[in-house]
Amino acid sequence: MKKNLIASAVAATLLAAPFAASAGEAELLARIDKMAAEQEQLKAELKASLQKTAVIEQKQQELASAAAPAIAAATTPAPSAAIAASGPTTIIGGYGEINYNRPSKNASAAQTDVRRAVIGIEHRFDDKTKLVSEFEWEHAIASATDSGESAIEQLYVERQFGNGLRGKAGLFLIPAGLLNTNHEPTAYYGVERNFVETAIIPSTWREAGVGLSGDTDSGLAWDAGITTGFDLGKWDAASSDGRESPLGAIHQEGQLAKSRDLSVHGALNWRGVPGLLLGGSLFSGKVGHKTEGYTANDARVTMYDLHARYTPGLWDLAGVYARGQISNTAALNLTLVGNPTPVPKAFAGWYLQAAYQAYKADDYVLSPFVRYEQYNTAKSYEALPQGLGVAPQADEKVTTVGANLKVGEGVVLKADYQKFKEDKTRDRLNLGVGFSY
Amino acid sequence: MRYRLCLPLAAGLACLPAYAVQYLSVEQVQKLAYPDATAYRAQDVALSLAQMQQVEKLAGLPARSVNWRVFGAYNGDKLLGYLVLDDVIGKFELISYAVALNPDASIRQVEILAYRESHGSEIRLPAWRRQFAGKSASTGGLTLGGGIANISGATLSASHLTDGVRRIAAIAQLVLKP
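Top to bottom, those sequences are chains A and B.
The letter at position 115 of the first sequence is residue 115 when you use this note's numbering, and the numbering goes up by one with no holes.
Just add 437 to wherever you are in the second sequence, counting from 1, and you've got this note's numbering.
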């Protein structure tokens, strides 16, 4: 290394020689002095960076060797030493997915999208307090002239209390369904997230507020919280957003969220039998926020779900039922007559999914899956005078068949085909790559 | 690859203690695993290269470490079994656990000493941990999805802990079993 530096210094000097000669010997000497000084500086920098590398390598080795905590030669077992294994204080994680969709009846609408890229940072302040954050970009570019989005997906502090309870405050995920709190592409089957947990449960669904969680030895885990809720004032009856996802159209996502009316939620999950998860959740809150002159100040969103997942052996079976209601919307809908998308009274959906780990070799795991789902974002409307109402939608039924190929723990390649019963123009082939670390 | 940034590392300082729910101390695990034990003797294991290769073959996993923290549990002079202490990484952070083994190298029980992440602490559930009891490297049934049921929402923790236990079962089979 040192030799290389000297060689290049000499070469540089030689190259510079013709100019130096014409410029005089004194100048040449000055140049050599300058180069020598630069070389000294480079040497010092190299030494410093080598030292830094050594420290990092040493730390990495410590971590890699599972950081076997120094349990002082086992003669004096020091439990506190075992527990206080030095761990990281700040962890960077992330996930992302890049998807390709090709409608089978309209190939010209085929699209490729950097669906999302997320950077997560967790920071531990002390042994009981930490910050969890997730920063997301959707659709590759977010600017005034692009359709991408940049969002804070999670930003909360969590504190563990002595009695096993955990409290959190900030912007956090609502524990509804199976996917919302577990939404990394490596965690679910299929290129796209299922419809029930995007159109009915508006994942990734987060609210700002406070929450408390706990669990018991019998396998029961519970969550409860008070958070911001939805803002019905955002409903745009002229657009189709509300038809794609009623709650997705009025969520506030922690952005200057109207908070006159707060919402409450609760969830129970039971894992008393290995491989089995049974659970449900409820979320409810008013959505009018006592807005002056607003016709739906008594409107309330109530969303509940029941979910189950069973993983016997190589099988992975899952099912979710979710139903949402928006009450007291008749007067509001009367003002929206003539628009294509009034506020629905009820929206609901369910799916059943079966996956099987068919092939495993080295780092590759291939799991074919099939999912059948049925959902309706406008199952019913509150009664309007004859001739003014909009007819409820028919249930959409989607069958998805495909496979996930996991490469190691962090990478997944996906392919599937989706067949729609109602709107057959939506039939499509999907390909995707996702990662999570 | 996971990036672990240890902020104090940059300053050359030791890291802060881990975010941990400490469920059990080593003494508590010792009492829990062998209530009849009158003495525990440190019997730490240092694997030879050949042994590490055998462990890898038997467990289907790299042996990872040469040195293993092992206690022999005794009632008087009678060997009741062994207790092996280890840590595996869940998603980001270490799970501290102990495997109690019978003298014939079959698993007696698995206990979690500390779990540090927000999600996945379901591996502590007694019903889930009971799946390991009675199994050994020779009986098999110590892989996730092959004898040990997965925990949805805690796949990484469940999978890494299962791998850790399988590795210890292999070490016990090769080194501890008389």
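Glycine residues also receive a C-beta, built at the ideal position from the N, C-alpha and C atoms.
Quiz item: Got a sec, what are the start and stop residues for the beta strand (DSSP E) residue 318 of chain A sits in?
Solution: What you label residue 318 of chain A is simply residue 318 of the first sequence in a count that begins at 1. DSSP places residue 318 of chain A inside the beta strand (DSSP E), whose first and last residues are 315 to 326.
Quiz item: Do you know how far the Cα of residue 353 of chain A is from the Cα of residue 267 of chain A?
Solution: Here residue 267 of chain A refers to the residue found at position 267 when the first sequence is read from its first residue. Here residue 353 of chain A refers to the residue found at position 353 when the first sequence is read from its first residue. In a straight line, the C-alpha of residue 267 of chain A is about 22 angstroms away from that of residue 353 of chain A.
Quiz item: Taking the DSSP output, what are the residues bridged to residue 103 of chain A?
Solution: In the first sequence, the residue the question calls residue 103 of chain A occupies position 103. The partner list for residue 103 of chain A (beta bridge, DSSP) reads A/428.
Practice problem: Return the chain-ordered list of same chain residues with a C-beta closer than 7 angstroms to the C-beta of residue 336 of chain A, the five sequence neighbours on each side being excluded. | Solution: Position 336 of the first sequence holds residue 336 of chain A. Take residue 336 of chain A, set aside five residues on each side of it, and the residues of its chain with a beta-carbon closer than 7 angstroms to its own are 237 and 342, in chain order.
Quiz prompt | With 16 other Cβ atoms within 10 Å as the buried cut-off, status of residue 386 of chain A | solution = For the purposes of this step, residue 386 of chain A is taken as residue 386 along the first sequence, with counting starting at 1. Of the residues assessed, residue 386 of chain A falls on the exposed side of the cut-off, its CB having fewer than 16 other CB atoms within 10 angstroms.
Quiz item: Taking 7 angstroms as the CB-CB cut-off, is residue 563 of chain B touching chain A?
Solution: For the purposes of this step, residue 563 of chain B is identified with residue 126 of the second sequence, where counting begins at 1. Yes, residue 563 of chain B counts as interfacial toward chain A.
Self-check item: Sheet register partners of residue 167 of chain A (DSSP bridge)
Solution: Position 167 of the first sequence, counting from 1, holds the residue named residue 167 of chain A. Its beta-bridge partners are A/159 and A/212.
Self-check item: Chain-ordered chain B contacts of residue 311 of chain A [CB-CB under 7 angstroms]
Solution: Within the first sequence, the letter at position 311 stands for residue 311 of chain A. Chain-ordered, the chain B residues with CB closer than 7 angstroms to the CB of residue 311 of chain A read 586, 587 and 589.
Practice problem: Could you tell me which of A/97, A/247 and A/293 sits nearest to residue 326 of chain A, measuring between CA atoms? | Solution: Against the first sequence, residue 326 of chain A aligns to sequence position 326. Distances from the CA of residue 326 of chain A to each of A/97, A/247 and A/293 were compared; the closest alpha carbon is that of A/247.
Self-check item: chain B contacts from the stretch 171 to 193 of chain A (Cβ-Cβ distance under 8 angstroms)
Solution: Hits within the stretch, in order: 178, 181, 182 and 187.
Practice problem: Provide the residue span of the beta strand (DSSP E) that contains residue 377 of chain A, from first to last. | Solution: Indexing the first sequence from 1 puts residue 377 of chain A at position 377. 364 to 380 is the span of the beta strand (DSSP E), which, as asked, contains residue 377 of chain A.
Quiz item: Around the Cβ of residue 312 of chain A, are there at least 16 other Cβ atoms within 10 angstroms (buried) or fewer (exposed)?
Solution: Taking the first sequence and counting its residues from 1, the one referred to as residue 312 of chain A is at position 312. Burial call: exposed.
Quiz item: With C-beta atoms as the reference, is residue 196 of chain A less than 7 angstroms away from residue 322 of chain A?
Solution: As a first step, residue 196 of chain A must be located in the first sequence, where it is residue number 196. As a first step, residue 322 of chain A must be located in the first sequence, where it is residue number 322. Yes, these two residues count as a Cβ contact at 7 angstroms.
Practice problem: Label residue 504 of chain B either buried or exposed according to how many other C-beta atoms from any shown protein chain fall within 10 Å of its C-beta, with 16 as the threshold for buried. | Solution: The residue given as residue 504 of chain B occupies position 67 in the second sequence. If you draw a 10 Å sphere on the C-beta of residue 504 of chain B, you find fewer than 16 other C-beta atoms in it, and that means exposed.
Exercise. Determine, using beta-carbon pairs with one atom in the stretch 202 to 210 of chain A and one in the stretch 174 to 187 of chain A, whether at least three such pairs fall under 8 angstroms.
Key: Because the criterion of three Cβ pairs below 8 angstroms is met, the stretch 202 to 210 of chain A and the stretch 174 to 187 of chain A touch.
Quiz item: Residues bridged to residue 154 of chain A by DSSP?
Solution: Locating residue 154 of chain A in the first sequence gives position 154, counting from the first residue. According to DSSP, which records beta bridges pairwise, residue 154 of chain A is partnered with A/134.
Quiz item: Is it right to say residue 156 of chain A is buried, meaning 16 or more other beta carbons lie within 10 angstroms of its own, or is it exposed?
Solution: Position 156 of the first sequence holds residue 156 of chain A. Around the Cβ of residue 156 of chain A, a 10 Å sphere holds 16 or more other Cβ atoms; the residue is buried.
Quiz prompt | Bridge partners - residue 515 of chain B, DSSP secondary structure assignment | solution = In the second sequence, counting from the first residue as 1, residue 515 of chain B sits at position 78. In DSSP, residue 515 of chain B forms a bridge with B/512.
Quiz item: Taking Cβ positions only, does residue 278 of chain A come closer than 7 angstroms to chain B?
Solution: Taking the first residue of the first sequence as 1, we reach residue 278 of chain A at position 278. When Cβ-Cβ separations below 7 angstroms define contact, residue 278 of chain A makes no contact with chain B.
Quiz item: Residues of chain A with CB under 7 angstroms from residue 582 of chain B, in chain order?
Solution: Here residue 582 of chain B is taken as the residue at index 145 of the second sequence, counted from 1. Simply 313, 314 and 357.
Quiz item: At a CB-CB cut-off below 8 angstroms, which residues of chain A make contact with residue 485 of chain B?
Solution: Taking the second sequence and counting its residues from 1, the one referred to as residue 485 of chain B is at position 48. Result: empty, since nearest Cβ-Cβ is about 17 angstroms, beyond 8 angstroms.
Quiz item: Relative to the C-alpha of residue 541 of chain B, which residue among B/520, B/527, B/552 and B/557 is closest?
Solution: Numbered from 1 along the second sequence, position 104 holds the residue referred to as residue 541 of chain B. Closest option to residue 541 of chain B, Cα to Cα, is B/520.
Quiz item: Taking just the CA atoms, how far does residue 241 of chain A sit from residue 101 of chain A?
Solution: Taking the first residue of the first sequence as position 1, residue 101 of chain A is located at position 101. Taking the first residue of the first sequence as position 1, residue 241 of chain A is located at position 241. Separation of residue 101 of chain A and residue 241 of chain A (C-alpha to C-alpha, rounded to the nearest whole angstrom) is 20 angstroms.
Quiz prompt | Alpha-carbon spacing of residue 139 of chain A relative to residue 420 of chain A, whole angstroms | solution = The residue labelled residue 139 of chain A in the question sits at position 139 within the first sequence. The residue labelled residue 420 of chain A in the question sits at position 420 within the first sequence. In a straight line, the C-alpha of residue 139 of chain A is about 24 angstroms away from that of residue 420 of chain A.
Practice problem: Label residue 64 of chain A either buried or exposed according to how many other C-beta atoms from any shown protein chain fall within 10 Å of its C-beta, with 16 as the threshold for buried. | Solution: Within the first sequence, the letter at position 64 stands for residue 64 of chain A. Annotation note: pLDDT 45 at residue 64 of chain A (below 50); position unreliable, no value reported.
Self-check item: For residue 422 of chain A and residue 587 of chain B, the rounded distance between their alpha carbons
Solution: Numbered from 1 along the second sequence, position 150 holds the residue referred to as residue 587 of chain B. Numbered from 1 along the first sequence, position 422 holds the residue referred to as residue 422 of chain A. Residue 587 of chain B and residue 422 of chain A have their alpha carbons spaced roughly 36 angstroms apart.
Exercise. Please determine if the stretch 205 to 225 of chain A and the stretch 264 to 281 of chain A are in contact, where contact requires at least 3 C-beta pairs separated by less than 8 angstroms.
Key: Yes, since at least three Cβ pairs between the stretch 205 to 225 of chain A and the stretch 264 to 281 of chain A fall closer than 8 angstroms, the two stretches touch.
Practice problem: Given a cut-off of 7 angstroms, decide if residue 142 of chain A and residue 133 of chain A are closer than it, judged by their beta-carbon atoms. | Solution: For the purposes of this step, residue 133 of chain A is identified with residue 133 of the first sequence, where counting begins at 1. For the purposes of this step, residue 142 of chain A is identified with residue 142 of the first sequence, where counting begins at 1. No, these two residues do not count as a Cβ contact at 7 angstroms.
Quiz item: Which residue or residues does DSSP assign as beta-bridge partners of residue 191 of chain A?
Solution: Taking the first sequence and counting its residues from 1, one reaches residue 191 of chain A at position 191. Paired residue(s): none; residue 191 of chain A is not in a bridge.
Quiz item: Looking at residue 334 of chain A and residue 296 of chain A, is the spacing between their C-beta atoms short of 7 angstroms?
Solution: Taking the first residue of the first sequence as position 1, residue 296 of chain A is located at position 296. Taking the first residue of the first sequence as position 1, residue 334 of chain A is located at position 334. Note that the C-beta distance between residue 296 of chain A and residue 334 of chain A is not below 7 angstroms.
Quiz item: Within the present structure, is the beta-carbon of residue 404 of chain A separated from the nearest heavy atom of the ligand HEM by less than 6 angstroms?
Solution: As presented, the structure is devoid of all ligands, the ligand HEM included, so that no description of it is given.
Quiz item: Taking C-beta to C-beta, are residue 406 of chain A and residue 382 of chain A nearer than 7 angstroms?
Solution: Here residue 406 of chain A refers to the residue found at position 406 of the first sequence. Here residue 382 of chain A refers to the residue found at position 382 of the first sequence. Cβ atoms of residue 406 of chain A and residue 382 of chain A: not closer than 7 angstroms.
Quiz item: Secondary structure at residue 183 of chain A, three-state DSSP: helix, strand or coil?
Solution: Translated into the one-based positions of the first sequence, residue 183 of chain A becomes position 183. Three-state result, residue 183 of chain A: coil.
Quiz item: Using 7 angstroms as the limit for Cβ to Cβ distance, is residue 568 of chain B near chain A?
Solution: Locating residue 568 of chain B in the second sequence gives position 131, counting from the first residue. Answer yes: the Cβ-Cβ gap between residue 568 of chain B and chain A drops below 7 angstroms somewhere.
Exercise. Could you tell me if residue 190 of chain A is buried or exposed, where buried requires 16 or more neighbouring beta carbons within 10 angstroms of its beta carbon?
Key: Taking the first sequence and counting its residues from 1, the one referred to as residue 190 of chain A is at position 190. Under this definition residue 190 of chain A is a buried residue.
Quiz item: Is residue 69 of chain A helix, strand or coil by DSSP?
Solution: Residue mapping note: residue 69 of chain A aligns to position 69 of the first sequence, counting from 1. Residue placement at residue 69 of chain A is flagged as unreliable, the pLDDT there being 39, under the threshold of 50; a coordinate-derived value is accordingly withheld.
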